[in-house]
């Protein structure tokens, strides 16, 4: 049912995007025309927002706790034998702060660079995988955590991918045996493009991995940066001509197509942008300019080739005077294809492609209308005065409200169905009650609920919306056949 629902909703979104002249004051995807009944109350009631933070506790005061459902502490280091070696006095403080607002906490192992190299070694033998799972379960118990996240960036060959699967399987079994079945969460990060587990891997069926974990955290960012030949958006919403598959929407679609359950897919949102040194004219025609590596680091974070939202909005050295107004020396532009803003400094020849409240709103609205599990933020402490967190707070509130509306409609439809059944039974008189009842529950179920159904009788979408979607789907099919 979820696959059919997503396909139909994506078709609707295609129409919405085609008809929307979105600009800097208007998100590309809005919710006002989407009936609550088009979205499952069950999915929305479980909408999650994961936020990563450093195990050192740096920047913890910037975290807007009310925007999160889960905090992921990054990263716990492992040795080659699978022993967790990270110890930090900040972890109890992070856990205590999260508990005050009911946020669940996970320990993440791996990460970029050396962390994942160590994780690869720890996953490479049955003995070390068993030891790693036991060691992480010990961390969960010691700090009173709610689960574990495997962040393997990235398996370099098919053998390593197999080790990751076996490691997740061992971790799942160990958590269940230690704390009770399903009592602790297990998540894993997912590479951004083409539904692949790594840039050097071939396509595989993602379902066996999806079945092992509670959520897959999709790193739908870092599409362009100082590592690219040209400058470009860190996290474009739509595909860019000439760069097929490098976008938020394409990444989501590719993982669902690969077999990952949408109800377990969490879309990544960056609280930072990528800076690039570029060759520019005073008025570039677009944001794709020859790149010569990382641009200047953010003035506060000092991260090579990156500016956090806090860097961008820093009152003294930031590039933005407000979320939509550039400071002196910078020019701000809006790309209506990628649905992202970008900045240019002609003096320093620095380009920054980033996300702001508007671009994040487009993405969170898409998550709500696509049947996904929720959103993930890298990183929670990169915000400035809660400006980006406000988008996620609205996202959670909207999900809750839509879930309640959908639940009300489901209950109303159920009541109407029961009433119609009673009327049908009364009008049948002394006829064959079992035959009448069978006909009522089978042939007329769609008319009772006012919905279109699939071949198994599952309700998909309300009839008013199908009038818009079905012609679009038919046209798409005819176009494909033609």
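In UniProt numbering, the protein residues as written are 1 to 482.
For glycine and all other residues, C-beta sits at the position ideal for the given N, C-alpha and C.
Since we're looking at a predicted model, the values are computed, not measured.
Item                                                                                                                                                                       : Value
With a Cβ-Cβ cutoff of 7 Å, do residue 183 and residue 265 count as a contact?                                                                                             : no
With a threshold of 7 Å on Cβ separation, who are the neighbours of residue 130 within its own chain once the five nearest residues in sequence on each side are excluded? : 170
Ignore the nearest five residues each way along the sequence and tell me which others in residue 247's own chain have a CB closer than 6 Å to its CB.                      : 236, 238, 239
Determine the extent of the beta strand (DSSP E) in which residue 377 is found, giving its start and end residues.                                                         : 374–378
Please report the distance separating the alpha-carbon of residue 65 from that of residue 71.                                                                              : 9 Å
What distance in whole Å lies between the Cβ atoms of residue 399 and residue 69, which are believed to be in contact at a cut-off of 8 Å?                                 : That pair is no contact at about 10 Å.
Is there contact between the region 308–315 and the region 324–332, where contact requires at least three CB pairs shorter than 8 Å?                                       : no
Using DSSP's beta-bridge definition, name the partner residues of residue 327.                                                                                             : Bridge partners of residue 327: none, in fact.
From the DSSP secondary-structure annotation, give me the bridge partner or partners of residue 165.                                                                       : According to DSSP, residue 165 bridges with nothing at all.
Starting from residue 255, trace the alpha helix (DSSP H) both ways and give me its first and last residue.                                                                : 248–257
How would you write the range of the beta strand (DSSP E) that residue 270 sits in, first residue to last?                                                                 : 265–270
Using only CA atoms, which one of 345, 354, 186, 348 lies nearest to residue 338?                                                                                          : 354
Give me the residue from 365, 349, 320, 92 with the minimum Cα distance to residue 287.                                                                                    : 349
Apart from the five residues on each side of it in sequence, which residues of its chain come closer than 8 Å, Cβ to Cβ, to residue 86?                                    : 55, 75, 76, 77
Counting only runs of 3+ residues fully inside the region 173–231, write out the beta strand (DSSP E) ranges in chain order.                                               : 185–190, 215–218
Just the Cα atoms here: how many angstroms apart are residue 179 and residue 145?                                                                                          : 11 Å
Please list, in chain order, all residues of the same chain as residue 435 whose beta carbon is under 7 Å from its beta carbon, the five residues on each side excluded.   : At residue 435, the pLDDT of 33 sits below 50, so the modelled position is not reliable; the number obtained from the coordinates is stated separately. Once the five neighbours on either side are set aside, residue 435 has no close Cβ partner at all.
Rounding to the nearest angstrom, what Cα-Cα distance links residue 201 and residue 157 in this structure?                                                                 : 6 Å
Let me check understanding here. Comparing Cα to Cα, which of 154, 176, 159 lies closest to residue 192?                                                                   : 154
Helix, strand or coil for residue 66 per DSSP?                                                                                                                             : helix
Go ahead and pull the three-state DSSP assignment for residue 382.                                                                                                         : helix
Along the chain, which unbroken stretches of the beta strand (DSSP E) at least 3 residues long are found entirely within the region 66–129?                                : 70–76, 104–111
Taking the C-alpha atoms as reference points, what is the distance between residue 388 and residue 365?                                                                    : 14 Å
If we ignore side chains and look at the alpha-carbon of each, how far apart do residue 271 and residue 392 end up?                                                        : 11 Å
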